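Q: Numbering (UniProt numbering), first residue to last: 1 to 880.
#1: Between the Cα of residue 895 and the Cα atoms of 200, 563, 170 and 176, which residue gives the shortest distance?
#2: List the residues that DSSP assigns as beta-bridge partners of residue 225.
#3: Determine the extent of the beta strand (DSSP E) in which residue 197 is found, giving its start and end residues.
#4: Could you tell me the alpha carbon to alpha carbon distance between residue 365 and residue 397, rounded to whole angstroms?
#5: Would you kindly work out how many angstroms separate the C-alpha atoms of residue 1 and residue 74, rounded to a whole number?
#6: Assuming residue 744 and residue 668 make a contact with CB atoms under 8 Å, what is their CB distance in whole Å?
#7: In this structure, how does DSSP classify residue 123 when only helix, strand and coil are distinguished?
#8: In whole angstroms, what separates the C-alpha of residue 164 from that of residue 648?
#9: Helix, strand or coil: how does DSSP classify residue 601 here?
#10: Which same chain residues end up closer than 6 Å to residue 102 when comparing Cβ atoms and leaving out the 5 residues on each side of it in sequence?
#11: Which runs of the alpha helix (DSSP H) fall wholly inside the region 458–516 and span at least 4 residues, in chain order?
#12: Only counting the same chain, and skipping five residues up and downstream in sequence, which positions put a Cβ closer than 8 Å to that of residue 38?
#13: Cβ atoms of residue 373 and residue 847: under 7 Å apart, would you say?
#14: Grab me the residues of residue 11's own chain with a C-beta within less than 7 Å of its C-beta, minus the 5 sequence neighbours each way, in chain order.
#15: Are the CB atoms of residue 395 and residue 331 nearer to each other than 7 Å?
#16: So within the region 318–388, which uninterrupted beta strand (DSSP E) runs reach at least 3 residues, ignoring any that extend past its ends?
#17: Could you tell me which of 796, 597, 316 and 865 sits nearest to residue 263, measuring between CA atoms?
#18: Report the partner residues of residue 37 according to the DSSP bridge assignment.
#19: Kindly confirm or deny that the region 269–278 and the region 233–252 touch, where touching means at least three C-beta pairs closer than 8 Å.
#20: Would you mind sorting residue 572 into buried or exposed? The rule is 16 or more other CB atoms within 10 Å of its CB.
#21: Which residues share a DSSP beta bridge with residue 176?
#22: Taking DSSP as the reference, what is the three-state secondary structure of residue 794?
#23: Round the Cβ separation of residue 35 and residue 115 to the nearest angstrom and send it over; I've been treating them as touching at under 8 Å.
#24: Applying the 10 Å Cβ sphere with the 16-neighbour rule, what's the burial state of residue 723?
#25: Using alpha carbons as the reference points, say which of 624, 591 and 569 lies closest to residue 604.
#26: Which runs of the alpha helix (DSSP H) at least 4 residues long sit entirely within the region 745–812? Give them in chain order.
#27: Are the CB atoms of residue 639 and residue 602 within a distance shorter than 7 Å?
#28: Does DSSP put residue 98 in a helix, in a strand, or in coil?
#29: Apart from the five residues just before and just after residue 631, which ones in its own chain have a Cβ nearer than 8 Å to its Cβ?
#30: What three-state label does DSSP hand residue 419 in the structure shown?
#31: Quick check on residue 651: does DSSP put it in helix, strand or coil?
#32: Using CA atoms only, rank isn't needed, just tell me which of 536, 434, 488 and 181 is closest to residue 466.
#33: Measure from the alpha carbon of residue 144 to the alpha carbon of each residue in 203, 166 and 174, then state which is nearest.
#34: Considering residue 581, what are the terminal residues of the alpha helix (DSSP H) in which it resides?
#35: How would you write the range of the beta strand (DSSP E) that residue 430 sits in, first residue to last?
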């Protein structure tokens, strides 16, 4: 029989014999038995001669006798001759004895399934109510898991309307995309029927059943907005509710199209693999991404809630109203929602300087796209199993960054007008990347398609080298690879630059491998290497472009002076530092030059720049330890001195009325000082933790410094003195706040004792840690890397069985493999995974191995750097 249906198997897309128009879906979940029953009547348009119907289904038991097609053009019904479910291909093939009549008809199917514990499809999440453990039923269908709940055409382009009915215990809350149309109670059960949805893709269908509290508000034009959460946590939903109401109004104005549903529900789910999911009208979230507690949540938690809510609500337009045609265009959803979420956050919280913080998104995109094992923004998808891996920094962060680059090039007003036109044109339909370019090109008159194809259809990005010779600026582009290898990409690069002042900003398109421009023509006056130090040249102004810049020695020296004299914007200070770090890793800049540049940032006032300096410092300390342990003490002294100015300015204790950004910085700064072994930080942290254990008053341990304190506590834990570890586990067990649990999990691996590291990793696999949260505990100290790698190998079968069907699986591989830095480890990893790799982790595994190779090359280049020891010695003992 398999050969008979071979034509339908191993295909990336379903055949187009039939087009779904409306689903009438009825689901009856049994929360005790963790099963569900369902029926679906699908109104279909049969558009070509066929005696087959092929649709998606997986992990379902289909009642063959129930399968029937009733044509509206013919009085008789058609029973299925054969019903075959191919689990590997996730398709259901229905064969009929004769060709089905062209035109509209109804396909009826009865089925049942399991409320799984995989956090995908129709699944169960657990929670406690009045001391009793209970199950809730939740859906998570993106990218391709609606098929695990009901047979359907599970592709973004197959949009239809949905009539949904849930039969559930009468004491529970039952939610779906649309408001309730009718509710009938019959003893212990109730049947809830929802209004018919607008046209939408299957991955946006949603249902949640459980016990919940909620808070409610309305937008100015009457849209009811609610935040649902576990009973007793309703107050923690108020901040997200306020953000949502204001954001809906902001987007209505920005997109010039109102929100298209009569209500918006947002709900916190205790077990949830992603951060959040933009289901139309019923957005689901991790608790950490929706709930905010005034006493126990840190400033970072507050910002995350605001940006995630803004991201998901952007999808109600970009993704839900206008949907990508296929997963190749995922970036249209995720890149735009990421970019627009910063637009909203900036409108609501201008004091956060969120566009400066956006550079962290760009950096993450640049880091991943600097690998030869990266992928284009638009990536071919040939099987549903490949989709999970592209929910990554390319689709989200590079996608958002090239949008920012394009907006900067075209101008904000033109860009907004074009987006509004695009949404109106493709509302309730599907679109490809080219559709967006066409509207932007029409509105701007610029060659958008030509400009952007080089950024979306090929992987990678350029490093633009700049040299100043005889009053002329010479530009050259080549593909940047973190390995230092040569790439062969070529881009249309929007170059912006200024000289000595932001008043003298110039721009042009670099369309060839190289170009030379006379400085007198460009700036109106000649610039040479002999010009005063105030005559600096900064390329890629405010880091608007998705590329790196490599300056010659003279240009670099002037920029270092401009940093010290506070002449550059925060974004440009960030960019020079980040590009230098990347160039050092790639072997194009000596580590001594990078360290000298880092010294110029000692009095850096800006949170985002310091945050990146902190991140870079941690990586530098690790690679130096791998390259030459004898240098490590001096490197640590230098880094501690580097951060002392900011630490003294900001202090361990929050100040009345301090900025959100200072609160963010405090936690990162003191966690880093703890990791570097700063004695005063370690002593102060342990003293505060002890006081906190005796009296859980948040005044003693404010949320913003808790992670730093927990890291400091774990730094001093040993097998012979494990009291700090045991105390932290006690705090973990006693809190019901998800943000606190993840803070603790993220700190446990900071320990240097190998036995404790193994105990921490084993703890992650116990029922005490929710499956969604295990990945937070995988980051271990440099000393614990080998223990973590052996642990991964020993537990691979269990890990693969538990997380192997979702994107969380990739986190195990990247977190544990990537930090190594030797060719021997590459071989070891390749040998282990030779018989264990699967499509869902293939790309991540290659990227992780490449990172180990890059680290190994960097280590070798540091070992060969003759002047490094002297440089480190001088920096460590420099008097400030």
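All residues carry an ideal CB built from backbone N, CA and C; glycine is no exception. Keep in mind that this is a model prediction, so the values were computed, not measured.
A: Taking the geometry as given:
#1: Absent from the structure is residue 895, since the part of the chain shown begins at 1 and ends at 880.
#2: 217 and 264
#3: Neither: residue 197 is in no beta strand (DSSP E) and is coded neither H nor E.
#4: 5 Å
#5: Because residue 1 sits at a pLDDT of 47, beneath the cut-off of 50, its placement in the model cannot be relied upon, and the point is left open.
#6: So it is not a contact: roughly 17 Å between Cβ atoms.
#7: strand
#8: 59 Å
#9: coil
#10: 46
#11: none
#12: 25, 26, 27, 28, 110, 111, 112, 113, 149 and 150
#13: yes
#14: none
#15: yes
#16: 322–324
#17: 316
#18: 28 and 112
#19: no
#20: buried
#21: 207
#22: helix
#23: 6 Å
#24: exposed
#25: 569
#26: 754–764, 785–794 and 796–803
#27: no
#28: coil
#29: 624, 868, 869 and 872
#30: helix
#31: coil
#32: 536
#33: 203
#34: 570–585
#35: 429–431
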